[in-house]
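The numbering used here applies: residue 1 is where the sequence shown begins, and numbers increase by one.
Idealized CB from N, CA, C, for every residue including glycine.
Only a predicted model underlies this, so the values are computations on that prediction, with no experimental measurement involved.
To start, the structure itself, in structure tokens.
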Amino acid sequence: MLGHFSYHNATRLYFGEDSLNDLYGELPKYGKNVVLIYGGGSIKKNGVHDAVTEVLRRCGKNVAEDAGVMPNPTADKLREGVRIARAHHADLLLAVGGGSCCDYAKAVSVSVHCSEDPWEKYFDRFEEPDCEIVPVGCVLTMAGTGSEMNGGAVITNRETRQKVGHVFGDEVMPKFSILNPRFTMSLPKRQMVAGVYDIFNHICEQYFSGEDDNVSDDLAEALMKAVVRNSLAAVEDPLDYQARSNIMWAATWALNTLIACGKTTDWMVHMLGQAVGAYTDATHGMTLAAVSLPYYRHIMPYGLPKFKRFAQVVWGVDAAGKTDAQIAREGLTAMERWMRKIGLTMTLTELGATAEMIEGIADATFILDGGYKVLDRADVVRILQESL
Ligand code: NZQ
Ligand code: ZN
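So, in structure tokens, the structure goes:
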């Protein structure tokens, strides 16, 4: 049975090959001063920076640049971004990049007019914004996080070795996001597949919880199948527009709150992955890939009906003559085969984690209680060791 929920999404999306033109319709809604936020320079190489700058120029905007947003954006960079936005009297923060730029823009947006330290207020004390919020827009160049249509912002504190997400409300979500699948085609294959696994795991996190028959899980299964099918096509031919556009759209639906409606959710793979990220600064999707199978094999006996359903519906496992546990195990084996085929990193060792780090990573792991088994510390340590 679906539980009580309310659904509303505050972000307007523009999708397609010509969607950058929609920026002409959006920009006049905001004041003159725009901060253009981007990462390490990929948008300068693939022409997206020039294209966006041209629209800003034609719309008469006064632009300041805030470049160098790193993957896993840091608290120090966030403080710098706040200084830039304040100095420019920002009316709009335009993030052009992947989830890191988009998350970072949201974190800056709630901090420009706030006198407190943003890390302490939002990522340590988890307070809600009580100041004016600068609007955020996004031009997405990497499919994965869903940040383009959600309120999430994940910031890493390198001094304290913490990577923490805050899910803000409607007023912090991007006012608009522009999704042109062509912009994602310059991604290196490793980043593309890391994004693919991030999408897949967002769906898993919302699917592997609860035992009801509800349409949110049916939607999740359809999305998982779409991600598997289109990822194989995109690995085969990275310029396959159909595959890249399906991946991009699936990413948005995987984490814009829709498939969590009316149900409980897990999110333990992300808690483990974020703790690994805090220690290694590894690519987000790869941290998830490395811990997923040890985690799912560990909790599978506690959620057997759902793992059996996953095996049959998503992976087409033939159930004839098999026990439920055999069917469920075959589903996870099929998932592993797919993960290896698309080229994901399957161990924490390859991401720079060591046996000596395990205790610290376990300490940094938030334990949530929505999954099929509430982990204790010993479970966390065991899963991390099996992921090495
Ligand atoms: O910095 P640049 O030069 O742009 O390069 C980036 C970066 O090195 C590159 N890239 C992006 N688009 C490209 C491209 N390279 C070539 N061509 C393009 N078109 O890819 C690298 C990774 O980018 P990043 O934005 O870091 O990746 P992603 O979108 O995976 O974002 C990761 C961050 O989002 C957080 C993660 O924890 C991590 O900090 N998450 C945010 C969530 C949310 N808001 O709901 C949920 C997620 O679970 C996740 O935690
Ligand atoms: Zn994720």
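Round the Cβ separation of residue i and residue j to the nearest angstrom and send it over; I've been treating them as touching at under 8 Å.
i, j, result
"residue 114", "residue 174", "So it is not a contact: roughly 19 Å between Cβ atoms."
"residue 112", "residue 139", "Actually they do not touch by this definition, with Cβ atoms about 20 Å apart."
"residue 210", "residue 163", "Wrong, their Cβ atoms sit about 27 Å apart, outside the cutoff."
"residue 37", "residue 105", "5 Å"
"residue 155", "residue 126", "Between residue 126 and residue 155 the Cβ distance is about 12 Å, and since that is not below 8 Å, they are no contact."
"residue 389", "residue 304", "Residue 389 falls outside the range modelled here, since the chain spans only 1 to 388, and no answer is possible."
"residue 86", "residue 278", "Contact flag wrong, Cβ pair sits at about 28 Å."
"residue 250", "residue 226", "5 Å"
"residue 299", "residue 372", "5 Å"
"residue 335", "residue 315", "7 Å"
"residue 362", "residue 384", "6 Å"
"residue 31", "residue 94", "Not quite, the Cβ-Cβ distance comes to about 12 Å (not below 8 Å), so this is no contact."
"residue 252", "residue 350", "Not really, about 29 Å apart at Cβ, beyond 8 Å."
"residue 295", "residue 339", "At roughly 13 Å, the Cβ-Cβ gap does not stay under 8 Å, so residue 295 and residue 339 are not in contact."
"residue 142", "residue 195", "6 Å"
Assign residue i to one of two classes, buried (16 or more other C-beta atoms within 10 Å of its C-beta) or exposed (fewer than that).
i, result
"residue 62", "exposed"
"residue 246", "buried"
"residue 352", "exposed"
"residue 290", "buried"
"residue 376", "exposed"
"residue 217", "buried"
"residue 19", "buried"
"residue 181", "buried"
"residue 292", "buried"
"residue 201", "buried"
"residue 241", "exposed"
"residue 193", "buried"
"residue 204", "buried"
"residue 215", "exposed"
"residue 284", "buried"
"residue 3", "exposed"
"residue 121", "buried"
"residue 146", "buried"
If you reduce the DSSP assignment to three classes, tell me which class residue i lands in.
i, result
"residue 13", "strand"
"residue 396", "Nothing about residue 396 can be read from this structure; the chain reaches only from 1 to 388."
"residue 74", "strand"
"residue 158", "coil"
"residue 59", "coil"
"residue 146", "coil"
"residue 373", "coil"
"residue 286", "helix"
"residue 103", "helix"
"residue 353", "coil"
"residue 347", "coil"
"residue 207", "helix"
"residue 115", "coil"
"residue 201", "helix"
"residue 363", "helix"
"residue 80", "helix"
"residue 298", "helix"
Just list the residues that DSSP pairs residue i with in beta bridges.
i, result
"residue 65", "36"
"residue 166", "153"
"residue 177", "13 and 138"
For residue i, I'd like the list of residues in its chain whose CB is within less than 6 Å of its CB, leaving aside the five on either flank, ordered along the chain.
i, result
"residue 212", "1"
"residue 152", "165 and 167"
"residue 382", "none"
"residue 219", "259"
"residue 176", "12, 26 and 137"
"residue 311", "317, 327, 328, 330 and 331"
"residue 90", "33, 35 and 134"
Counting only the same chain and skipping the five closest in sequence on each side, list residues whose C-beta sits under 7 Å from that of residue i.
i, result
"residue 355", "388"
"residue 308", "324, 327 and 328"
"residue 366", "271"
Take residue i and list the residues in its own chain whose beta-carbon comes closer than 8 Å to its own, dropping the five residues that flank it on each side.
i, result
"residue 70", "39, 40, 77 and 100"
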